[in-house]
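Undergrad:
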Amino acid sequence: MAAPLSRRTLLLATAIAAGTPAVSSPVSYAASGRPGATPQAPTAFAGPGAPAAWSVRPFGLEEVTLGRGVFADKRRLMLDHARGYDVNRLLQVFRANAGLSTLGAVAPGGWEGLDGEANGNLRGHYTGHFLTTLSQAYRGTGEQVFAERIGAMVGALTEVREALRHDPAVLSTEGRFGTAAENVRGSHQYVDLPAGVLGDTPAVTLAAWVKPTHDGDWARVLDFGDDTNRYLYLAARNAAGVPRFALTDSGAAGEQGLDGTAALPLDEWSHLAVTLADGTGTLYVDGAAVARNTAMTLTPATLGPLAHHWLGRSHYPADPVFAGAFAEFDVWSRALSAAEIAALRDSRAAETPAGRGDLASYAFEETAGGTFADASGRRLTATLRRTWGGPSHRGFLAAYPETQFIELESMTASDYTKVWAPYYTAHKILRGLLDAHLATGDERALDLASGMCDWMYSRLSKLPAATLQRMWGIFSSGEFGGIVEAVCDLHAVTGEAEHLALARLFDLDRLIDACAADTDVLDGLHANQHIPIFTGLVRLYDETGEERYLTAARNFWSMVVPHRMYAIGGTSTGEFWKGRDVVAGTIGATTAETCCAYNMLKLSRTLFFHEQEPAYMDYYERTLYNQVLGSKQDEPDAEKPLVTYFVGLTPGHVRDYTPKQGTTCCEGTGMESATKYQDSVYFAAADGSALYVNLYSRSTLTWAERGVTVTQSTDYPREQGSTLVIGGGSASFALRLRVPSWATAGFHVTVNGRTVPGTPTPGSYFTVSRAWRRGDTVRIRMPFRLRVEKTLDDPSLQALFYGPVNLVARDPATDHLECGLYGNAGLSGDLLPTLAPVSGEPLHFTLDGTEWVPFAEGTEEPTHAYFRRSEPRVVLGGTDSGVANPAKGDGTTLLDEIWAAAPFRGKGALVAHVRSTVEAWVEAGLLGGDEGERVVRTARKASYAD
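Counting with the numbering used here, you get residues 40 to 985 for the letters of the sequence shown.
1. Excluding sequence positions up to five away, which residues of its chain have a Cβ less than 6 Å from the Cβ of residue 563?
2. Determine the extent of the alpha helix (DSSP H) in which residue 339 is found, giving its start and end residues.
3. Can you give me the Cβ contacts of residue 200 inside the same chain, cut-off strictly under 6 Å, excluding the 5 residues immediately before and after it?
4. Assign residue 610 to one of two classes, buried (16 or more other C-beta atoms within 10 Å of its C-beta) or exposed (fewer than that).
5. Are the CB atoms of residue 612 and residue 630 nearer to each other than 8 Å?
6. Relative to the alpha-carbon of residue 781, which residue among 738, 695, 766, 843 has its alpha-carbon at the smallest distance?
7. Beta-carbon within less than 6 Å of residue 116's beta-carbon, same chain only, minus the 5 sequence neighbours each way: which residues are those?
8. Figure out for me which residue from 851, 113, 253 has the closest Cα to the Cα of residue 717.
9. How about residue 836 and residue 620: do their beta carbons lie closer than 8 Å?
10. Which of the three DSSP states is assigned to residue 201 in this structure?
11. Can you tell me where the beta strand (DSSP E) with residue 790 in it begins and where it stops?
12. Going by the beta-carbon positions, is the gap between residue 677 and residue 124 smaller than 8 Å?
13. How big is the Cα-Cα spacing for residue 957 and residue 785?
14. Can you grab the Cα-Cα spacing for the pair residue 981 / residue 916, in whole Å?
15. Please state the DSSP three-state secondary structure of residue 398.
16. Per DSSP, what kind of secondary structure is residue 615 in: helix, strand or coil?
17. Please report the Cβ distance between residue 399 and residue 230, rounded to the nearest whole angstrom; I am assuming they are in contact, meaning their Cβ atoms lie under 8 Å.
18. Ignoring anything shorter than 4 residues or poking outside the stretch 598 to 683, list the alpha helix (DSSP H) runs there in chain order.
19. Check for me: the beta strand (DSSP E) holding residue 722 runs from which residue to which?
20. Would the stretch 661 to 670 count as touching the stretch 894 to 907 if we require 3 or more Cβ pairs under 8 Å?
21. Thinking C-beta only, is residue 603 closer than 8 Å to residue 550?
22. Given this structure, state the Cα-to-Cα distance separating residue 969 from residue 955, to the nearest angstrom.
23. Could you give the first and the last residue of the continuous beta strand (DSSP E) run that contains residue 537?
24. Apart from the five residues just before and just after residue 359, which ones in its own chain have a Cβ nearer than 6 Å to its Cβ?
25. Look up residue 103 in the DSSP assignment and say whether it is helix, strand or coil.
26. Who pairs with residue 829 in a beta bridge, going by DSSP?
27. Across which residues does DSSP place residue 222 in a beta bridge pair?
28. Thinking C-alpha only, which one of 299, 521, 423, 635 is nearest residue 460?
29. Looking at residue 109 and residue 188, is the spacing between their C-beta atoms short of 8 Å?
30. Would you call residue 671 buried or exposed, if buried means 16 or more other Cβ atoms sit within 10 Å of its Cβ?
31. Below 7 Å, is the gap between the Cβ of residue 330 and the nearest heavy atom of the ligand GDP?
32. In its own chain, which residues sit with a C-beta less than 7 Å from the C-beta of residue 496, not counting the 5 before and 5 after it?
33. Among 224, 219, 952, which one has its Cα closest to the Cα of residue 153?
34. Going by DSSP in three states, residue 442 sits in which element: helix, strand or coil?
35. Quick one: what does DSSP say residue 983 is sitting in, helix, strand or coil?
36. With DSSP run on the structure shown, which of helix, strand or coil describes residue 262?
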C-alpha cells in the first residue's frame, strides 16, 4: 500500500475517482443546524492528488463550465426538476422505516415505494441517485439551492439513523378523543402486550379505535397466539376487504369467524368490537352489530395460554403490519351488551357504563418513549417493537429493515419479491452521501457513509468465502452495483483498513478470473448487474496494485465494444447479454438499457485514466452524443425526470420517457448523466504536462494548476469543428486533440491562423506542443461524412451516421425501411449527396420522402435506428445503368466493392476503378460481359459530387 496521504489529497483522489472534485473547505448550511450558516460556492483543489496509477486525471465539474448548446439545454431541464422536486417525498420511506413522522409526504411510488414492483424492495435507491444529482448540480452551477437541499436531506438521514439505533418511540397523533399512537406504513412496528392478557376467561370483549391508512388485506388490529396453528385475531380487512374476527386451535382451516359487511374507511376513525360468550360471537363496527355466529365453541379459555399478544402484527409473516393509528384498546372478561358497545362509539371507555377494560386498557395517550400504560389495574405495560428487532450495527441506514441483507446470506436462487439487490441499494445511498460530502464538506454525510461501510463490513466479514461467492453470483438479488468503486473512494478519504477490506469482499472470483484470462463468459449475464463491477475492479487496482483487476476490466470492455454494442453505444437486450457478435439478432423493444450506457461511460473514462487508448473516448463520444442525450426527453416536468429505461431499436419504436412504474434505476442514472455532461471534455496529464481535449463541446476550462483557461467555442455537432482560445497566464504544455475514428475526411488544425504540421490519424490524438499565451487560438476543422455501420451478424442491417451523429428515420412503419445510398455518392466516398438537407433544421435530412434526424433529439416520434440496405441496381452519379447489382456469397455487392476504394482523385480515377472491378467480376462469373460494359459506360457518363 502507498504511504498515507493527507486528508486534503485523499479528498481530491476520492473526488477524482467519483468524477466529482473535492472542496478546499467545508460548506455549511442553515439547514444543517448551524445558526446563521450560509452556503458557499464550491471550490476545487489545485495540484496533484489522483491515484499514483493514473497517468491522467479529470477536472471537477466546477472547473468546466458548459456553454450554450444541446448539453446545456438538456441539463437545464434536469436542473429545474432537481430544484423543484419535494425531497420529503424521497425521505418518506427512510423516515417510515425508522418510525418517524413522514411530515405528510407521499412516497414517489414506483420502485421507490411499498406498492411498487417487487413490494418496493428497492426503495431508497432513488434517494441516493437524487443526492448525487444535487451534488453534481451544485458543483456544476454553484447554486445555493442545491447545497441547501443536500443539507436538508443529510440532516434527515442523520435523524433516521439515530432513530434506528434505538428502540422505537411512540409517534403521537390526533386521536378520536385526545391523542393516539400512529403506526406509519413501512415502519414494521407493532405493540407487544405482556403474557396473560386474556387469562383463562371463558367470555371476552375486545374493543379498539383504529384509523387505517392503507387497505392491505389481512393487516391485524390484534393477533394473540402461538403461531399459525393456535390464535385469535381481529383483522381490519380480510381477502374480501371487510373486517374479520376469528379464533382457532387447528390453523386456518379450523377458524371460527365473523366477517363484516363493508370495508372500513381509510383515514377515518372506526370503532371495532367483538364479544364472545356462551358459544356466540358478535362483531360490531361503529357500535352496530354487523355479524353474529352462534356456533363458536372456542374461547380464550379453551385456547389456553398464548405466547404472543400483538397489536398491529400477524402471526402469518406475509401479512402486512397494520398501518394507521390506535386510539383506545380495551379487553373485558365478559361480553358487553349491545347498549354498552354502542356507548363506546361516542365516549372514552372510562366514561361509559362499561368502564375501562378489566383485563387490559390502553389509551395510547403517550407522547414519548416506547411503552404504553395499562389502566386496567393489572399493570400490563405494553411495548412498541419492530417486527425485525433492530439493526445489527450502529452504522445501518436503509429505507427498509435489515432482513433483506440477512435473507440474502442463505439464498441459493433469485427471488426479487423477497430480496431485491439490497447491496445495490446500499451502493446508491452510499454514493449519494459520499458525493454530498465531497460537494459540500458536510461531515454528517461522511459519518453516515463511513458508518454504512462499517456496518457492511461487520456483516460480510463474518461470512465464509463460499457464501459470498454464492451471494454475488445470484441474479438480481445478489446485484451490488458500483459499491466497490464507492467503497474504494471512501477508503481514499478515511484511510480505514476495514473499508478497503470491505471492497475486496465483493470479489466475484469466477467472473474476474475469466475476464482476466480474456475468456468471454458474458452470454446470458445480466448486463447492468456486471458492468459496474469492472469500474470497481479498476479502483481496486488503484488501491491494491493487483494486476488481475485492471486486466479483467480492460478485457471485459473489449468483450462489449464492439461485440455487443448497438450503433448508439448502448448494450443489452431485455437487460441481458447474448452471444458475442450477435447484434441484429438481439434487436427488440427492450434493447439498450439506459443504465448500461451510464455505466459503460464510467468504465471507459476510468480505464482511460490508466491507458490513453483513443477507443475509450471514441466510445464515450458515440454513447454520450447519441444514447445518453437521446435518453432525456426535451420537455420540462416537475414530477418526472423524463428519462428512458429501455431504448427499443425496433422499427417505428416510440421512446418511453416515463418507464415502468417510475423511479427506476435508469431514471436515477439519467438524472446523474444530465448533471455531469462536462465531466470528460478535458483531462490533464498527471504531471500537468499535457491537456487532453476529448470531446468537442462549448465549454470553459479553468486549469488552476497551470494558471490558464481554455474556452471552447463550437456548435458541435451542428458545426464541423471547434475553436479553443487560451486565457489567463502563460504555460507550456502539450495540447492533445482527439481525432475521432470517423474523421476520415480530414482533421485540420491551425494555431493563430497557421497550419500545424503533421498528419492527424483517425482514432488517435494529435498533439500541439508550445508555450501557450493568452489569446492563442486553436481552430479545428473536421469535415463530416455520411457513412453506415453494419451490424456484425447481418451486414444488410445498417445504421446511418453523419460524423458522430446517429441519424434515425422518423416513420411509423413497423418493418425495416429499405434504403439505397450509393446513387449520388461523391468522389470522396461520402454518401451525403444522396440525402437532401431540410432547410432551417440542422442535421435533418430527407431520403425518398422520409426525414432523418439525430437520435439525440428527445421526442416521442416513432423512429428507425436501423434500416435494411437495398441497392437493387447499379446506379452511379444519379444515373441508373439498368444492371442488377450482383452480390458475392458473403453479401458484398458490386457497388460495395466499387465504393470501398474511395476517395477518388477525380472522375477518371473512379471510372478506371469501376472498369477494373467489373472485369474481375466478369471473370469470376458474377457479372455478364454486356452488363459490365453498361456499368462502365454509366460510370463514364455520370456526374459526381466531390
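From the three backbone atoms N, C-alpha and C, an ideal C-beta is built for every residue, glycine too.
TA: Short version:
1. none
2. 339 to 342
3. The beta carbon of residue 200 lies closer than 6 Å to those of 436 in the same chain, with the five residues before and after it left out.
4. buried
5. yes
6. Taking only the C-alpha atoms, the option nearest residue 781 is 843.
7. 675
8. 113
9. no
10. helix
11. DSSP places residue 790 inside the beta strand (DSSP E), whose first and last residues are 787 to 790.
12. yes
13. 30 Å
14. 5 Å
15. coil
16. strand
17. Contact doesn't hold; Cβ gap of about 11 Å is too wide.
18. List check, alpha helix (DSSP H) in window: 633 to 647, 653 to 662.
19. Taken as a continuous stretch (DSSP letters only), the beta strand (DSSP E) holding residue 722 covers 721 to 724.
20. yes
21. no
22. 15 Å
23. Careful: residue 537 lies outside any beta strand (DSSP E), inside the alpha helix (DSSP H) at 536 to 543.
24. Cβ neighbours of residue 359 beyond the five flanking positions: 255, 258.
25. strand
26. 837
27. 363
28. 521
29. Not in contact: residue 188 and residue 109 (Cβ atoms no closer than 8 Å).
30. buried
31. Although the ligand GDP was asked about, the structure shown includes no ligands whatsoever.
32. 537, 540, 541
33. Closest by alpha carbon: 224.
34. Reduced to three states, the DSSP call for residue 442 is helix.
35. coil
36. strand
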